[in-house]
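**Q** My structure is below; once you've seen it, I'll send some questions.
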Amino acid sequence: MISDIQHPLLHQKIDQLSDGQAVVVGDFIDAVLAPIDSEPLPGTWLTSTTDWAEAFLARLRGHHGLSIEPLSTTQFEAAFNEACRTAGWQAEAASSATQRFYDTTVTADDGQPRKLSLKASSAKDMRPAKVHISKLTEAAWIQDARRLSDRRDRIVELFAEYQQTTSAIVMLRGFRGRDDFEVLYELLEIPTTIFASVARLTVQQAQSGTIKLPGGAAVPDFSVRIDRSDSKVTLTGIRLDCCLIHGRWGMNRAKAGA
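Below, the structure written as structure tokens:
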């Protein structure tokens, strides 16, 4: 419970609100205090820290006090970094919006700096068992890769650099209307170690429109698409069992008979 000692001006500020402002603040407070359905999962380096989990969920609640839409990538980045700082960790956003590959560097209680790419998606065609990243990074070089071997070499170089630079991709998926929730969130982490199989890519495999990796696997871990028309790298079909699930939280369960 908030005390006057912790926030000496908070009650004074509330007393100064107009009726219209009080309604908005009341809705926001109701959202922050609203229960969230949480699926029991093993604790991870993120969610085993109570301060981080509480701070992140408070931001999810607060967002839905003002919007019915799932968090966008920009909103997720802000919520993620602030939750890390609330937990007492170092969270340093990349110095430029055009920083290649990663968006923030987090140093948690284990003292290990993690360079993380932060992404969010609420696409209507998301598949629960497969993860899709519509834009991993730019690939402007594809326009100049004329020789077959050039295409292969540039793909291998790109993923090697990505793996060396970035520890993991942390993604927030917002499923609309799933399991009777207004939004069911899933926070997952894709370790960049899964990209190691790209190093074994052959020239022939690199020419495919959709490159399944590892090559020759009966069930690929993921697939890569590099589109010459928009010069971007897309990842498709990432197996959920290749990912670390940090949490699943349901917002605003639909009432029976509604």
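Mapped onto my numbering, the consecutive letters of the sequence shown carry residue numbers 1310 to 1567.
Don't be surprised by glycine CBs; every beta carbon is placed ideally from N, CA and C.
Are P1351 and V1492 touching if we call contact CB-CB under 8 Å?
**A** Here residue 1351 refers to the residue found at position 42 of the sequence shown. Here residue 1492 refers to the residue found at position 183 of the sequence shown. In this structure, V1492 does not lie closer than 8 Å to P1351 by Cβ.
**Q** Near K1428, which residues of its chain fall below 7 Å by C-beta distance, leaving aside the five closest residues on each side in sequence?
**A** Mapped onto the sequence shown, residue 1428 falls at position 119. Cβ neighbours of K1428 beyond the five flanking positions: T1382, I1442, I1478, M1480.
**Q** Give the C-beta separation of C1552 and E1498 to the nearest angstrom, bearing in mind that I take them to be a contact with Cβ-Cβ under 8 Å.
**A** On the sequence shown, residue 1552 is found 243 positions in, with the first residue counted as 1. On the sequence shown, residue 1498 is found 189 positions in, with the first residue counted as 1. Yes, they are in contact, since the Cβ atoms of C1552 and E1498 sit about 6 Å apart, within 8 Å.
**Q** Please report the Cβ distance between W1361 and A1392, rounded to the nearest whole angstrom; I am assuming they are in contact, meaning their Cβ atoms lie under 8 Å.
**A** In the sequence shown, residue 1361 corresponds to position 52, counting from 1. In the sequence shown, residue 1392 corresponds to position 83, counting from 1. That belief holds up - the Cβ atoms of W1361 and A1392 are roughly 5 Å apart, short of 8 Å.
**Q** Would you call P1529 buried or exposed, if buried means 16 or more other Cβ atoms sit within 10 Å of its Cβ?
**A** Position 220 of the sequence shown holds residue 1529. When all chains shown are included, P1529 counts as buried.
**Q** Return the CA-CA distance between S1476 and D1419, expressed in angstroms with no decimal places.
**A** On the sequence shown, residue 1476 is found 167 positions in, with the first residue counted as 1. On the sequence shown, residue 1419 is found 110 positions in, with the first residue counted as 1. Cα to Cα, S1476 sits roughly 15 Å from D1419.
**Q** Could you check what DSSP says for Y1411 in three-state terms: helix, strand or coil?
**A** Along the sequence shown, one-based indexing puts residue 1411 at 102. Reduced to three states, the DSSP call for Y1411 is coil.
**Q** How is the beta strand (DSSP E) around Q1514 delimited, first residue to last?
**A** Counting from 1 along the sequence shown, the entry for residue 1514 is found at position 205. From DSSP, Q1514 is part of no beta strand (DSSP E) but of the alpha helix (DSSP H) over 1512-1515.
**Q** The alpha helix (DSSP H) spanning G1371 covers which residue range?
**A** For the purposes of this step, residue 1371 is identified with residue 62 of the sequence shown, where counting begins at 1. Unbroken alpha helix (DSSP H) run through G1371: 1359-1373.
**Q** What is the DSSP secondary structure of K1433, counted as helix, strand or coil?
**A** Residue mapping note: residue 1433 aligns to position 124 of the sequence shown, counting from 1. Correct three-state label for K1433: coil.
**Q** Would you mind working out which of R1423, L1496, F1484, S1357 sits nearest T1257, comparing C-alpha positions?
**A** This structure leaves residue 1257 out entirely; the chain is present only between 1310 and 1567.
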